[in-house]
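The opening residue of the sequence shown carries number -11 in my numbering; numbering runs sequentially from there.
Even glycine gets a Cβ: it sits at the ideal position worked out from N, Cα and C.
Accompanying notes for the structure given below.
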Amino acid sequence: MVANDLYCTSSSNALWFLKSPPHNLTALATQSNLPSRLVQLMLNRDIHPQDFSAFLNPTLAETTPDPFHLIDMDKAVNRICTALQSHQKITVFGDYDVDGATSCASLILFFRALGHEISYYIPQRAQEGYGPNIPAFDKLKANGTDVIITVDCGATAHEPLAHAKKIGLDVIVLDHHLGAEQPPEATAVVNPNRLDEATPHTNLAAVGVTFLFIIALRQRLRQLGWFTADRPEPKLSSLLPLAALGTVCDVMTLTRFNRTLVKQGLKVLETSATMPGLKALLDQASLSPPFKASHFGFIIGPRINAAGRIDDAALGTKLLSKKKIDAEALEIATHLNQLNQDRQAIEHATLQAAHAQITPDCPEPFTLVSGQNWSAGVIGLVAGRLKEKFYKPSFAISYDNTTGLGKGSARSISGFDVGTTIQQAVAAGILQSGGGHPMAGGFVIAQDQHENFQRFLTKKTINLVTTRSYSIDRALSLEAVTLETYNEIAQLEPFGNGNPKPLFLFKDCQVHYCAVMGKNHLRLTIKNGFGTQKTAVLFRAFERPYGHQLMESSGYTVDIIGSLNLNTFNGSETIQILVDDLHII
């Protein structure tokens, strides 16, 4: 266990904890033939020395769990094998976010490789809401669908799935959201977060569950002698970029199997001609290899999500399942880029309205904002931005003037399970429906229950600590801010939830120069006592308590915590520091 000692309380009132190197660090580095800095960073992530090699070079063979260990996987695979043998119509019913789109596209591409084209249906967020619904199932039945596979939804859809059974539709659920006390009535419910499921793989995205289902289905078809010289067995490596994209964008923990999916998926994307739709989107975003998880999370993901937020939710699935980069693929990629810009404008306006409802010295350990007819597609983003700014569980609701119903979204901090909280509010009769994960959730509420919900949250958060804290990996000198150090650390990628970018402490730096970048960011030139100078970038500087102070006067001595970033401006490579927080000494 690595010691984590309090270093200071920063100028933003955050607690900084500095990890101490183990006493045997040098010996461990020698034994593993790795740099001591890299060894310390892995130890900080609770990676045992015997697992160093597997962590740095993960393989699917070592990390992929047996798909059939999941409840109902056998039932799901058997039903689809029957559908294939009987030439029945299969429709995949997906969610409108990246995880849903990648899950849908994975199935479409795999069944296409089997020689069996399937249909897909993505509900429109504003008109239909989240997940399975009875009118959609009726429409699919009328169109000749025999089997529905729901992906990234369905775990708690009791009424629609009971209706599906009544009208003769078989439904297979592939989901990862927290299940209800009783699973819905379906042919199969494959979900690592079923309440009766004992799997340790609870951190899978829906696309991870879908990938395991595809592995299981291929295995069963192989046993049945499905594959021949004329009908070859599909290679699954081509689907890894989609598995990586969905896993990153749904902010799953990047350990073991998830880490392998992302690391191998990025590698396949760089070295293979597969994924024409995704390649079109990468080109539209002017991204080229080497690809990183952050490209998925901050650049590609928002473009796909924009369609589900404010336009046709099926666009992401349509693009990702394209056979080739044709005129339509390029048109969709361009349209998604524009939609993302439109989404940003809507989000900005909604966020301003939300901020107007929050007093600066708000004492509650949560934020709850609402508006009439806010775009339902951005309330999750607004909740996320509020959570980041105030470091409190945040809830945003858009009420419909006509129905009096509100669609809500929540984002949380460590220590407060918002998904369970929402389910408890449903059980208490305060919310009409809802659920989610520990860190995010969604719900439906009647407007006359708003004050009751506020009182409910007050009780639930009464003992919640909302002081932001940072866990610092180690101190680093400005002299060590080099391309060599950056490349050494890059061996730990992909970075994300469960494997954050290493956070370093830079002590006793003088702010030599300060300039505004854009409207809200600062570029600092910092130097140490030896005269070494480096560039540090402080994003959203003027939302922090010290942003204006730094601008008003240079020469401050500061401690900085931040990560290393490769800047490739004008074709030259330089390493700069991305500042997470600072303390003016």
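So, at 6 angstroms on beta carbons, what are the nonlocal neighbours of residue 466 in its own chain, with the 5 sequence-adjacent residues on each side left out?
So the list reads 516, 520, 522, once near-sequence residues are dropped.
Is residue 495 helix, strand or coil when you go by DSSP?
Here residue 495 sits in strand by DSSP.
Residue 489: buried (16+ other C-beta within 10 angstroms of its C-beta) or exposed?
When all chains shown are included, residue 489 counts as buried.
Is DSSP giving residue 62 helix, strand or coil here?
Residue 62: helix per DSSP, three-state reduction.
Is the CB-CB distance between residue 139 and residue 107 below 8 angstroms?
Cβ distance not < 8 angstroms, so residue 139 and residue 107 don't count as in contact.
Where are the alpha helix (DSSP H) runs, 4 residues long or more, that stay fully inside the region 248 to 292, in chain order?
DSSP runs (the alpha helix (DSSP H)) wholly in the region 248 to 292: 264 to 272.
Report the rounded CA-to-CA distance for residue 382 versus residue 399, giving the unit in angstroms.
Cα to Cα, residue 382 sits roughly 5 angstroms from residue 399.
Run through DSSP, which three-state label would residue 555 get?
Residue 555 falls in the strand class under three-state DSSP.
Around the C-beta of residue 164, are 16 or more other C-beta atoms found within 10 angstroms, so that it is buried, or is it exposed?
By the neighbour-count rule (16 or more Cβ atoms within 10 Å), residue 164 is buried.
Going by Cα to Cα distance, which pick from 475, 471, 461 is closest to residue 5?
For residue 5, the nearest C-alpha among the options comes from 461.
Evaluate residue 436 with the Cβ neighbour count: other Cβ atoms within 10 Å of its Cβ, from every protein chain shown; 16 or more gives buried, anything less gives exposed.
Residue 436 comes out exposed.
Rounding to the nearest angstrom, what Cα-Cα distance links residue 375 and residue 131 in this structure?
Going by the C-alpha atoms only, they are around 43 angstroms apart.
Kindly indicate the opening and closing residues of the beta strand (DSSP E) around residue 521.
521 to 526 is the extent of the beta strand (DSSP E) around residue 521.
Report the residue from 508, 430, 280 whose alpha carbon sits nearest the alpha carbon of residue 480.
The option with the nearest alpha carbon to residue 480 is 280.
With a threshold of 6 angstroms on Cβ separation, who are the neighbours of residue 257 within its own chain once the five nearest residues in sequence on each side are excluded?
Hits under 6 angstroms: 229, 279.
Shorter than 8 angstroms from the beta carbon of residue 238 to some beta carbon of chain D?
No chain D is part of this structure, which consists of one protein chain only.
Within its chain, find whatever has a CB closer than 8 angstroms to the CB of residue 463; leave out the 5 residues flanking it on each side and keep chain order.
The answer, listed in chain order, is 6, 492, 493, 494, 495.
Nearest to residue 100 by alpha carbon, out of 362, 79, 162?
Answer by Cα proximity: 79.
Can you give the Cα-Cα distance for residue 170 and residue 289, rounded to whole angstroms?
Going by the C-alpha atoms only, they are around 33 angstroms apart.
Express the C-alpha separation of residue 377 and residue 209 in angstroms, rounding to a whole number.
Distance between the alpha carbons of residue 209 and residue 377 is about 51 angstroms.
In this structure, how does DSSP classify residue -4 when only helix, strand and coil are distinguished?
Note: residue -4 maps to strand in three-state DSSP.
Can you name, in chain order, every residue of its own chain whose Cβ lies under 6 angstroms from the Cβ of residue 486, other than the five neighbours on each side?
Only 241, 242, 243 meet the Cβ criterion.
Out of 332, 420, 337, 292, which has the shortest C-alpha to C-alpha gap to residue 593?
Any property of residue 593 remains undetermined from this structure, which presents the chain solely from -11 to 573.
I need the straight-line Cα distance from residue 114 to residue 30, nearest angstrom please.
If you take the alpha carbons of residue 114 and residue 30, they lie about 44 angstroms apart.
Out of 9, 358, 301, 69, which one is the CA nearest neighbour of residue 211?
The shortest C-alpha separation from residue 211 is found at 69.
Among 201, 348, 420, which has the Cα closest to the Cα of residue 440?
Minimum Cα distance to residue 440 is reached at 420.
Whole angstroms is fine: what's the gap from residue 50's alpha carbon to residue 59's?
In a straight line, the C-alpha of residue 50 is about 22 angstroms away from that of residue 59.
With DSSP as the reference, label residue 330 as helix, strand or coil.
Here residue 330 sits in helix by DSSP.
Using only the alpha-carbon positions, how far apart do residue 601 and residue 348 sit?
Because the chain here runs from -11 to 573, residue 601 falls outside it and cannot be looked at.
Does the beta-carbon of residue 422 have 16 or more other beta-carbons within 10 angstroms, so that it is buried, or is it exposed?
With 16 or more other Cβ atoms within 10 Å, it is buried.
Is the separation between the beta-carbon of residue 401 and that of residue 454 shorter than 8 angstroms?
Going by C-beta atoms, residue 401 is nearer than 8 angstroms to residue 454.
If you reduce the DSSP assignment to three classes, tell me which class residue 122 lands in.
DSSP places residue 122 in helix when its eight states are reduced to three.
Would you please state the rounded distance, in angstroms, between the beta carbons of residue 220 and residue 206? I believe it to be under 8 angstroms.
Contact doesn't hold; Cβ gap of about 12 angstroms is too wide.
Can you tell me which residues form a DSSP beta bridge with residue 509?
Residue 509 is bridged to 505.
Just reading off the alpha helix (DSSP H) that residue 87 is part of, what are its end residues?
Taken as a continuous stretch (DSSP letters only), the alpha helix (DSSP H) holding residue 87 covers 86 to 101.
Would residue 193 and residue 87 qualify as a contact pair, given that the criterion is a beta-carbon distance under 8 angstroms?
In this structure, residue 87 lies closer than 8 angstroms to residue 193 by Cβ.
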